[in-house]
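Residue numbers (our numbering): 1 to 387.
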């Protein structure tokens, strides 16, 4: 259970991170965080200016049952479907978090103060259904600072364009490859062009591109360890940072070209890179690795609370650690490839696994809520029979 007894002291490392142009978002949400004041405390004292969610996060939150009992009882009495029940609970949490972050949203002119909610992961390969779900979620949350998360699958690309074209702010998630990242940026620009043609005020549309970090190291390190040679072992823990740094270089290129210049003149905002999956998976690595080594202006780092606390406690923020490392990043990825590890195979597997994990988490959540609704409906029926 999350409890709030005393607000933590402001952390100098988090302050410096924010001053370097990195927006700190919390990669977690639950009703307990909202109810206990934990999220409000993190906003007030930990420089948290946004929140991201995903199916796994909601599965853990709602699966615990804490804070959802009354709503589940009401939903059971109404006899709603399990899908409707899940959407009512998740959008209620996102709406409450968006309200807590509304002042941030206002003071940053919409840049931050954002809360993301993902489309049903089972729709990841269905563009039309993804667009319909995105519209529904934006309507259900009904807050200007919501962002709709759309997976960066091949089928997700046209959905990104269409949803942005509707004037809806988007968080593009599950990006692993540099090629797909460029396609995501292109889809965003195409969406802005469509929105401009429709007369939409482009200044109201924001987007982030969630580039996953630690999962890349986890997959490539496994292969390097299996090789076991000195050169292979020396490359452990370097591929994910190299991949992310080259992604930032791509971002700089795309958002400085003539196509972007025309949109910027019309009031558009760049699609900021967001470093996701920033909690280290190898205990041999420093727990703040993917924070300290990915500092660059105009980025977002969405952290699980353990990483946020670690950064606050012993993070060492020394300035920009991205833009001067492009040559080394290319060399590191080339060295991995020279050892026979296929970059394309790795990132394809990671995307497939990412979608599958979110689908599994969503199915687990549906199963948990189904049992809760059935149990509560049975209790209601027993009460009616007793009367």
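Quick reminder that beta carbons are idealized off the backbone N, C-alpha and C, glycines included. Given the structure is predicted, the values throughout are model-derived calculations rather than measurements.
Coarse secondary structure for residue i, derived from DSSP in three states
i           : result
residue 101 : coil
residue 152 : coil
residue 368 : helix
residue 6   : Note on residue 6: pLDDT 47, under 50, position unreliable in the model; the coordinate value appears next. Coil, per DSSP.
residue 118 : strand
residue 1   : Note that residue 1 scores 45 on pLDDT, short of 50, meaning its location in the model is unreliable and no value can be drawn from it.
residue 132 : helix
residue 140 : helix
residue 17  : helix
residue 317 : coil
residue 200 : coil
residue 145 : coil
residue 341 : coil
residue 111 : coil
residue 55  : helix
residue 375 : helix
residue 11  : coil
residue 323 : coil
residue 335 : helix
residue 126 : coil
residue 81  : coil
residue 229 : coil
residue 351 : helix
Range covered by the beta strand (DSSP E) that runs through residue i
i           : result
residue 281 : Looking at the DSSP string, residue 281 is not in any beta strand (DSSP E), and its letter there is neither H nor E.
residue 51  : 48 to 51
residue 211 : 207 to 212
residue 235 : Where residue 235 is concerned, there is no enclosing beta strand (DSSP E), given that its DSSP letter is neither H nor E.
residue 170 : 170 to 175
residue 300 : 299 to 303
residue 22  : 22 to 26
residue 273 : 272 to 276
Residue i and residue j closer than 8 Å at C-beta
i           : j           : result
residue 288 : residue 319 : no
residue 150 : residue 141 : no
residue 304 : residue 27  : yes
residue 275 : residue 299 : yes
residue 106 : residue 125 : no
residue 134 : residue 196 : no
residue 323 : residue 301 : no
residue 213 : residue 244 : yes
residue 293 : residue 321 : yes
residue 117 : residue 90  : yes
residue 119 : residue 366 : no
residue 95  : residue 143 : yes
residue 231 : residue 339 : yes
residue 115 : residue 146 : yes
residue 263 : residue 157 : no
residue 46  : residue 11  : yes
residue 189 : residue 260 : yes
residue 296 : residue 343 : no
residue 329 : residue 246 : yes
residue 29  : residue 97  : yes
Extent of the continuous alpha helix (DSSP H) to which residue i belongs
i           : result
residue 265 : 258 to 265
residue 413 : Outside the shown range of the chain, which is 1 to 387, sits residue 413, and nothing can be said about it.
residue 77  : 69 to 78
residue 291 : 289 to 292
8 Å contact criterion, which residue i and residue j should meet: CB distance rounded
i           : j           : result
residue 167 : residue 204 : 6 Å
residue 49  : residue 24  : 6 Å
Candidates the options: closest to residue i by CA position
i           : options               : result
residue 272 : 14, 17 and 21         : 21
residue 34  : 259, 212, 219 and 66  : 66
residue 361 : 12, 16, 11 and 63     : 63
residue 286 : 246, 255, 238 and 331 : 238
residue 218 : 344, 193, 97 and 236  : 236
residue 172 : 368, 371, 351 and 328 : 351
residue 128 : 161, 372, 347 and 353 : 161
residue 155 : 131, 138 and 169      : 131
residue 103 : 40, 147 and 363       : 40
residue 68  : 47, 268 and 92        : 92
residue 388 : 189, 233 and 139      : Because the chain spans 1 through 387 in this model, residue 388 falls outside it and cannot be assessed.
residue 31  : 177, 355, 57 and 291  : 57
residue 200 : 165, 223, 38 and 225  : 165
residue 345 : 159, 110, 377 and 220 : 220
residue 255 : 186, 61, 358 and 224  : 186
residue 123 : 337, 55 and 98        : 55
residue 83  : 376, 377 and 368      : 368
residue 373 : 178, 359, 19 and 75   : 75
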